[in-house]
Every structure is written in C-alpha cells, then in structure tokens.
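**Q** Residue numbers (our numbering): 195 to 546.
From the three backbone atoms N, C-alpha and C, an ideal C-beta is built for every residue, glycine too.
This one's a predicted model, so the numbers in the text were calculated from it and none came from an experiment.
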Ligand code: NAD
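Next up, the structure:
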C-alpha cells in the first residue's frame, strides 16, 4: 500500500428526521446566549421558525446571504454582529448561507452551527470561497469549520427536484476529485465511494417524488460523506474551472458543477485508471458519460450557454483557469482546457 497521511477535524454531527427539535438543547450545550440566525431571503421563513425555537437565545435573524459570499454582504452582517454582541452563528440553508457564517467566523472566531438544506457540503470543510471585484479567493482556515452540524432530512424535502439533482452532482464532484487528489488516501476514497453510491441511488427516487424521505435521507447522507472528502484533501481541475466560471462570470454554483463535471472527469480519465475502475460499478463503463446522462435526464440546464455564459468568454475562461492552476493528475494544455469548456458551453457529450 502507498503510504499516506490522514487528518480528521473535531466536529459534532446530528443526523436524522426532525433533528432540529434538539436545536435548543444543542445551543444550550454550547453555552450560547446571543445567536445570529443566517439564511437567504428565500429561506427567511424557516430561519424565523428556528429563531422562535431558540427564544431569547436568538439575537436576530439576518436573511441576506447570497451566492459566492461577496465581501460586501459579509461586511454588512459584521455590523450587526458587533452591535448585538453576538456569541454564536446559526446558518440554515445551502452553501451560500453557510459561506456567510464562515466569513463571519473567519473575522471573529465565533462558534458555528450549520443546518444544511442542500447537498453542497460546505458544512464539512475548513474552506471559504469569498468574492471581491469579480474574483473568487479560496481561504483554508480551521476557524471557518462549523463546530456542530445538524442534518435534518425533513428540511431537504422542499428542495426542488431540479436543484436537488445539480446540488447532488456538486457533491459527487467533491468525491470524484478526492479520489484522484494529490493527497488521496484509502479512507477518503472509501468515503467517496459510499457517498457517490448513496447519492446516485437517491437520484431517480427524488426525481419521481421529491417528498420521498428515505431517498432524501440517502442523498443527505451521501452529501455529508462527499463534503468530508472536500474538506479532507485538495481539489483539482474541475473545482478550479468551477471557481473561475462562478467567480468571474457569475454563473450559479451547483449548475456549473453539474455541467462541467462530466467534461473534467473525461479530461482526467486517461491519467486516473484506478479511479475510473472504482467508479464503473456505480456510473457505468464510461463514468463521465454516466454523469452526463444523469444530468441530461433532469430538467436542469445541460450547457453553460443556458446559464447565460457568452461564447466569446470561453477563451478568457480557459486563460483564467490556467492562471495559478490547482495540482491536477493530467497535464493541462490551453487547447485541451479550451475544448473542454467549449463542449460544456455547448452541452455536448464529454470526450477524453
Ligand atoms: P445556495 O445555498 O445558494 O442555495 C440555492 C437556493 O436554494 C437558494 O435560493 C436557497 O435559499 C434555496 N434553498 C436551499 N435549500 C433549500 C430547501 N431545502 N428548500 C428550498 N429552497 C432551498 O446553493 P448551494 O449550491 O448550496 O451553495 C452554493 C454556494 O456554496 C457557493 O457560493 C459555493 O461557493 C459555496 N460552497 C462552498 C463550499 C466550501 O467548502 N467552502 C462547498 C460547496 C459550496
């Protein structure tokens, strides 16, 4: 066996249906008395419900999280954190809300409780992606890792089937890149395979019935495991492309991941035969095509063009992706990356 390093970080996880009923006792256990409840504007209703459950231990609800964690949004929240002398953060929502919580924690070291309602996996990582002046910067810092994560399957039942599919593919992207990461190790790969298996098992059932709680539990469990992979090892070409496209062209996060993933895996496939062999029993003989089919069988957009990216931006995106590239198992060529983005832009099938 090849020697490896593995680092695990301390955090508590509560997983199940109806688990938010334990929120108040969990908050008391952490000794928090002035918690700021964060959400997007769309999820204000559930944030208000949680604040009511916390009673006087909720300092306020701040429902202004947005995608890609703009620094201007964080600075606005920081004013409230100081004014209300907040002693803890509660993020209810997807990666956008958890991102805002992390950005505040980076500046204050306040303890965080995350209640994830998508499959993005941010709650499991010490990583924050912040956007300023159309550039997304990634920061790794132990202060941004949430101390407590409450997974409540019931809160994911409202995630529309279309967002569920792209968010699930976003999770699978973390697991796949972890399997061929520079720091890949047997523990993370085992976690990745279990996570991808649970998510792909859940996809058809959720598409048929978004209220299927067994399938939702499978998907949330899979997303948790894929999030662990994201937090455990470095990511490669796929994540670099998605950060570039999201930060510089303001493309939506999960949709971009879902569209780019088959193409990034196809690009790397010749260099990672062991990963491909382990994915074949789950995703078929050609795992990149398997991922492409998972996406085209949903109502989600299949191409970057549908997300509003202009064709003339392809060349610029390729140049940006090659600036400060992440480590990648296959050498990056400008023409190879440009062709990859062009196929993703047009919604074509992936090619190695
Ligand atoms: P999101 O948090 O923006 O959520 C998408 C939309 O779905 C929002 O309008 C939200 O309010 C809504 N929503 C969420 N859960 C819902 C539910 N259960 N029912 C109904 N509506 C619901 O999307 P996302 O894909 O989860 O997160 C994207 C952001 O997370 C990006 O900024 C990305 O960079 C970041 N992210 C960071 C990490 C990390 O480790 N740092 C990992 C993954 C994603």
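Compare the beta carbon distance of residue 293 and residue 312 with 8 Å and say whether it is the shorter of the two.
**A** Inclusion of residue 293 and residue 312 in the CB contact set at 8 Å is not warranted, their separation being larger than that value.
**Q** Output the residue ranges of the beta strand (DSSP E) runs that lie fully inside the stretch 216-256 and measure 3 residues or longer, sorted by chain position.
**A** 229-232 and 252-256
**Q** Within the same chain, show all residues whose beta-carbon is closer than 8 Å to that of residue 474, passing over the 5 residues directly before and after it, in chain order.
**A** These residues qualify, in order along the chain: 481.
**Q** Hey, is the stretch 416-423 in contact with the stretch 492-504, meaning 3+ C-beta pairs nearer than 8 Å?
**A** no
**Q** With a Cβ-Cβ cutoff of 8 Å, do residue 228 and residue 280 count as a contact?
**A** Taking 8 Å as the Cβ cut-off, residue 228 and residue 280 qualify as a contacting pair.
**Q** DSSP state of residue 346, grouped into three classes?
**A** Here residue 346 sits in strand by DSSP.
**Q** State whether the stretch 355-362 contacts the stretch 401-415, with contact taken as three or more CB pairs (one from each stretch) at a distance under 8 Å.
**A** yes
**Q** For the stretch 330-346 against the stretch 204-217, are there 3 or more C-beta pairs whose distance is under 8 Å?
**A** The answer is yes - the stretch 204-217 touches the stretch 330-346, with three or more Cβ pairs under 8 Å.
**Q** What first and last residue would you give for the alpha helix (DSSP H) that runs through residue 469?
**A** First-last of the alpha helix (DSSP H) with residue 469: 467-477.
**Q** Which value, in whole angstroms, describes the spacing of the CA atoms of residue 420 and residue 381?
**A** 12 Å
**Q** Just checking my contact of residue 510 with residue 441 at CB under 8 Å: how many whole Å lie between their CB atoms?
**A** Going by Cβ atoms, the distance from residue 510 to residue 441 rounds to 13 Å, so no, they are not a contact pair.
**Q** Specify whether the stretch 528-537 and the stretch 443-451 touch according to this definition: at least 3 beta carbon pairs, one from each stretch, less than 8 Å apart.
**A** no
**Q** Just to confirm, does residue 373 get its C-beta within under 7 Å of one of the non-hydrogen atoms of the ligand GDP?
**A** Judged by which ligands are present, the ligand GDP is missing from the structure shown, whose ligands are the ligand NAD.
**Q** Spatial neighbours of residue 242 within its chain, please: C-beta separation below 7 Å, excluding the five flanking residues on both sides.
**A** Cβ neighbours of residue 242 beyond the five flanking positions: 255.
**Q** Going along the chain, which unbroken runs of the beta strand (DSSP E) with 3 or more residues stay wholly within the stretch 287-368?
**A** 306-310, 321-326, 329-334 and 342-346
**Q** Rounded to whole angstroms, how far is the Cβ of residue 369 from the Cβ of residue 378, which I believe are closer than 8 Å?
**A** The pair is not a contact, with the Cβ atoms about 11 Å apart (cut-off 8 Å).
**Q** Just to confirm my understanding: we take residue 527, look at its own chain, exclude 5 residues before and 5 after, and list those with CB closer than 8 Å. What are they?
**A** none
**Q** Are residue 238 and residue 257 touching if we call contact CB-CB under 8 Å?
**A** yes
**Q** Does residue 514 come out as helix, strand or coil in the three-state DSSP assignment?
**A** Correct three-state label for residue 514: helix.
**Q** Can you name, in chain order, every residue of its own chain whose Cβ lies under 7 Å from the Cβ of residue 272, other than the five neighbours on each side?
**A** 298 and 301
**Q** Using DSSP with H/G/I as helix, E/B as strand and the rest coil, what is residue 284?
**A** Shown here, residue 284 sits in a strand according to DSSP, grouped into three states.
**Q** State yes or no: is the C-beta of residue 202 nearer than 7 Å to some heavy atom of the ligand NAD?
**A** no
**Q** Tell whether a beta-carbon distance below 8 Å holds between residue 485 and residue 363.
**A** yes
**Q** Would you identify the three-state DSSP class for residue 206, choosing helix, strand or coil?
**A** strand
**Q** Roughly how many whole angstroms lie between the Cα atoms of residue 253 and residue 324?
**A** 25 Å
**Q** Would residue 305 and residue 226 qualify as a contact pair, given that the criterion is a beta-carbon distance under 8 Å?
**A** yes
**Q** Of all the alpha helix (DSSP H) runs that stay within the bounds of the stretch 366-416, which reach a length of 4 or more residues?
**A** The stretch 366-416 contains these whole alpha helix (DSSP H) runs: 380-402.
**Q** State the CB to CB distance for the pair residue 431 and residue 522, rounded to an integer number of angstroms; the pair is presumed to be in contact (CB under 8 Å).
**A** Indeed they touch by this definition, with Cβ atoms about 4 Å apart.
**Q** Nearest by alpha-carbon distance to residue 466: which of 497, 449, 543 and 374 is it?
**A** 374
**Q** Spatial neighbours of residue 453 within its chain, please: CB distance less than 8 Å, with the 5 preceding and 5 following residues excluded, ordered by chain position.
**A** 489, 495, 496, 497, 498, 501, 538 and 541
**Q** Based on the DSSP output, what are the partners of residue 264 in its beta bridges?
**A** 325
**Q** CA-CA distance, residue 303 and residue 412?
**A** 32 Å
**Q** In angstroms with no decimal places, state the Cα-to-Cα distance between residue 476 and residue 438.
**A** 29 Å
**Q** DSSP on residue 437, reduced to helix/strand/coil?
**A** helix
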